[in-house]
Structures are given as C-alpha cells and as structure tokens.
Amino acid sequence: MVRKGFDREMHSNSRVVVILPYKYLNYMDEELSLVKTLYREIAEIYTIRRPNPKYYVTIPVLDEIKLLDGIDKLVIMDRLKPRQIINLYRELGIEVLDRILLILEIFAEHAGSREAKLQIELARLKHQYPLVKEAIRAMKLGELHGFLGAGRYGYEKYYLMLKEREARVRREIEKLRKIRSVRRQRRRREEAIHVSIVGYTCAGKTTLFNKITGLGKPVGPEPFTTLQPKTSAIMYKGTKIYFTDTVGFIRDLPPEIVEAFYATLEEIKYSDIIIDVVDASKPVQDVLIELSEALNIFSEIGVHGKRIIVALNKIDLIGGDHLNTVINKINESININEIIPISATSGLNIDKLLDYIAAVHKGGKENIRSKIWAQATEG
Ligand SMILES: Nc1nc2c(ncn2[C@@H]2O[C@H](COP(=O)(O)OP(=O)(O)OP(=O)(O)O)[C@@H](O)[C@H]2O)c(=O)[nH]1
Ligand SMILES: [Mg+2]
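Numbering (our numbering), first residue to last: 9 to 387.
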C-alpha cells in the first residue's frame, strides 16, 4: 500500500499554505504552532470567513494558490468534508490536510510507544473511511485517479483492507490495555497515593512531573510533546506517591481522536487525586475556558468525585496582580477551590503541592492552602 504524504523526511522541508477560519483568528499563534510542529515553511496564510461548499476556500483564494510556486501541501485548520478534500486535490494536485489530519500527523510524529502508535493508526483509519467512500463515488463517476495512492488496486479493495487492518489494530490495543491494567492493579495493592497530572498541551505537565520525580522526560513549547502516559513513584515524608504524566488536551479536539486520546487518559479514572495543570500566564479568559473544558473532559471519560487540585503554573512569568485576578475569576465562575500557584521550572511551591497532596490524603488541608495562597499572591 502506498501512503503518499506520510513520508517522515518530507515533513520538515515542506512548504505549506495555511487556511485559517475566522473562528481561530484569536488563537492564530496556537493554530500556527500546530502547523509549525510539522512543517518549517509557511508560504502563505489566508483567512476564510465563509467557506465555499465545494472547495472550502473561496474561488479567488483557490486561484491565488494555483499561482504560488513550490507549494507541497495545503493545510486547512477546520473540519473539511471528504468531497471538499477531493475537489481541492483535483484542482491543486497537492496533498490537502484538514485540522484533524494535521493533529493525527503530529501524534504520529511524536508517538513513541507501541500503544500510542496503534491508537493513532486507528484514528487515521477511521478518518480515512469517509474519504475512501467519497473516492469510490468519484471514481465511479470517472472523476478521479490516484488519490490516496490506492492506484490500480481500486478503492473498494482498499476499503476492505482498511477494515481488516482496523480489526487487527483493535485486537492488539486490547492486549496492551490488559497488560496496563494488570500493572495498575499491582500498584493499587500497595499502600500509596495515586496522582494524575493532566491539563492542556504545553501547560507544563511534564516539566512538573520531571521536577517531582527527578526524571528527564522530553518537554517543549510545541503541542503534544507527551503522547504516552508515564507513571513513576516517589517517597515523600514517608508516603509513597505515584505520579502519572498524561497526554495534553487541545481546543476543539476532533472526535476521531477522542477514542485514541481518551484511552491513554484511562489512568485518571484510577487515581486518588488529579492535578490539573493550567498555564496561568495566559489571558484570564483562556485560563477559564481551559479549566472548564478540562472538567467536561473528566466527566466525559467517567471521572467523578475525584479531588481535583488546580496547579496554576508558570507564575514566574506573571505578577501578583494577574495571579490574583486569575484566582478570583476561577473562584467566581468555577466550582473548584483547590488552587495552588506553582512554577514547574523554578520549583516554586512544588514542596507545598506535595505537602498538600499528603495532607489532602490525611485530611487537614485548609491551613496549608491559606498559607500557600498568602505567600504566592504577595508577589
Ligand atoms: N516560564 C515557565 N515555563 C514553563 C513552566 N513550566 C513549563 N514551562 C515551559 O512550557 C513548555 C511546555 O512544557 P511541557 O512540560 O512540555 O508541557 P506539557 O504540558 O507536558 O505539554 P504536552 O506534553 O505537549 O501536552 C516548555 O517550553 C516548558 O519549558 C514554568 O513554570 N515556567
Ligand atoms: Mg508533556
């Protein structure tokens, strides 16, 4: 099977055109950082207010793109209909990625473990079905040749191949999940606290995990640096505490990825305490959105009645005023009162966070919290 466009070496050298829907204009940097994670050169960026039903991009923009030299890919930061992807491919003759495919590509680049790779393959397969169905339709109408690299094998055969592959991938994922579950049960027989570190991508989860455990897992400014949960234990003042670093959330997480993504978040359900790491240096409004979306995701994956500690991270970057505003707004609008301001890079308040976890476990946390707040908001 030829899979055009999945060639790793090609990624960094590709020149791409990016189409940004208006809804993401306020988040342009974040959306572009998704693109830059894979492709070094963005040749041109267009914003689209009203998508064209046939091509998504408007006809004048389509004509401009045709005139650009040396473009390898078109990246559209929205959800496209299969028909639109195929129409664009026919007009431009270059690979077309929508936001979902782009995120899947990033996942594929970063996936280290066998399980993460399989989860991503599954998500990719699911994303390909509607495209292949559309290709079958277009083929029958004599409109299309060579799309998706299916070539002479024909799309119908290709579709069956995908289905068979999906069944195999699912079986293998199930096996790996069982292994993980056996390991987890073994851990749970010990006298220990289990803590999951969760939150939006780039919030600083792994930096915190490293600081606490002394490990050196990769961290970085690009989204989805971590794609596989990792658990490690420390002894803290006589108590064994297991910490699990997890995959980050992202705005508008595409449904195709949800299954793959949530499977790796399974650990959260089995933890005693959740640390929700939030980048407090972001505008207050974004902090609130990220927090409430995280709470939604918890309930979607069946996490109920857990103690959630919000770790307001990166306070080395902000002043006391901003921190105060963030804390007040959270208290006003979200029902969470366990908030600890920290800096994962400098280590500020990490010991307090650990004290707090130990105290939460044993009861008697109130005093500790008020002391931490007083110190942090003094600046
Ligand atoms: N200034 C500052 N930067 C931080 C802090 N914590 C993390 N960072 C930076 O934020 C970026 C993201 O950190 P990571 O630890 O990789 O974030 P993550 O939440 O694990 O991200 P993903 O694995 O991609 O979901 C890195 O460049 C870190 O150096 C902090 O307390 N202060
Ligand atoms: Mg990480």
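C-beta atoms are modelled at their ideal positions from N, C-alpha and C, and glycine is treated no differently.
Worksheet item: DSSP on Gly313, reduced to helix/strand/coil?
Response: coil
Worksheet item: Quick one: what does DSSP say Ile347 is sitting in, helix, strand or coil?
Response: strand
Discussion item. Tell me the DSSP secondary structure of Val227 in three-state form.
Written reply: coil
Worksheet item: Along the chain, which unbroken stretches of the beta strand (DSSP E) at least 3 residues long are found entirely within the region 273 to 337?
Response: 281 to 287, 315 to 321
Worksheet entry | DSSP state of Glu198 mapped onto helix, strand, coil | coil
Item to complete: For the alpha helix (DSSP H) containing Met36, list its first residue and its last residue.
Response: 36 to 46
Worksheet item: Since Lys245 is in the alpha helix (DSSP H), which residue starts that stretch and which ends it?
Response: No alpha helix (DSSP H) contains Lys245, which DSSP labels as neither H nor E.
Worksheet entry | Contact set for Ile265: own chain, Cβ-Cβ below 8 Å, skip 5 residues either direction | Ile108, Ile111, Leu112, Phe115, Ala131
Discussion item. Ligand 2 and Thr239: does the residue's C-beta get closer than 6 Å to at least one heavy atom of that ligand?
Written reply: no
Worksheet item: Quick one: does the C-beta of Lys213 sit closer than 6 Å to a heavy atom of ligand 2?
Response: yes
Worksheet item: What's the C-alpha gap between Val65 and Met36?
Response: 18 Å
Discussion item. Between Arg254 and ligand 2, is there a pair consisting of the residue's CB and a ligand heavy atom that are separated by less than 6 Å?
Written reply: Strictly speaking, residue 254 in this sequence is Thr, with Arg absent from that position. Thr254 Cβ: outside cutoff for every heavy atom of ligand 2.
Discussion item. Does the distance between the C-beta of Thr45 and the nearest non-hydrogen atom of ligand 2 fall short of 6 Å?
Written reply: no
Item to complete: Below 7 Å CB to CB, which residues in the same chain sit around Ile249 once its five sequence neighbours on both sides are set aside?
Response: Ala200, Ile201, Val203, Ala241, Ile242, Ile365
Worksheet item: Using DSSP with H/G/I as helix, E/B as strand and the rest coil, what is Leu168?
Response: helix
Worksheet item: Under the criterion of a Cβ to heavy atom distance below 6 Å, does Thr247 qualify as lining ligand 2?
Response: no
Fill in: Pairwise C-alpha distance: Leu40 and Gly101
23 Å
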